[in-house]
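Per the numbering used here, the sequence shown starts with residue 160, numbered consecutively.
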Amino acid sequence: MEKKAPHYKLAEIHSKVADITSQPFTRTALQGGLALGLTESDMRRIVLSLKRADFYKSMTTHSDHQLWQDVYHGKTETGVPVYIKITGFSDCRPPVIQFKAK
């Protein structure tokens with residue numbers, strides 16, 4: 160299932176990513192950022208720079224039609240387009256689940 164409006168509040172995601180005591184990225188997201196030559200700090204800056212206009216779509220996972228994922232298209236500081244997938248787990252799991260070249 161897909162929709163054209165974000166399921167999660169970007170301000171809440173920004174808050175989690177801005178918390179330097181947290182790990183806001185899954186292993187998959189970190190590996191994607193590292194493959195682009197980014198540091199975790201670079202990745203945090205990119206996610207924190209996302210705006211509502213960067214939203215692309217919201218979709219459910221294949222395994223759980225109730226778990227939504229918001230997709231944003233951002234850019235690195237050098238202008239490389241990136242695909243960022245975010246979800247809003249209610250537990251302590253990282254919200255940024257994918258971060259890769261678009």
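From the three backbone atoms N, C-alpha and C, an ideal C-beta is built for every residue, glycine too.
If you're wondering where the values come from, they're calculated on a predicted model, not measured in any experiment.
Start and end of the beta strand (DSSP E) containing residue i?
i	result
Gly-233	227-234
Thr-246	240-246
Lys-259	255-260
When you compare the CB positions of residue i and residue j, do they come within less than 8 Å of one another, or not?
i	j	result
Ala-260	Val-230	no
Ser-217	His-166	yes
Cα separation between residue i and residue j?
i	j	result
Ala-194	Val-241	12 Å
Ile-243	Gln-257	5 Å
Met-202	Gly-192	7 Å
Taking only beta-carbon positions, decide if residue i is within less than 8 Å of chain C.
i	result
Ile-179	No chain C is present in this structure, which holds just one protein chain.
Within the region 165-225, ranges of the alpha helix (DSSP H) (whole runs, at least 4 residues): 169-177, 186-194, 199-207
Touching by the beta-carbon criterion (3+ pairs, under 8 Å), the region 186-201 and the region 167-176: no
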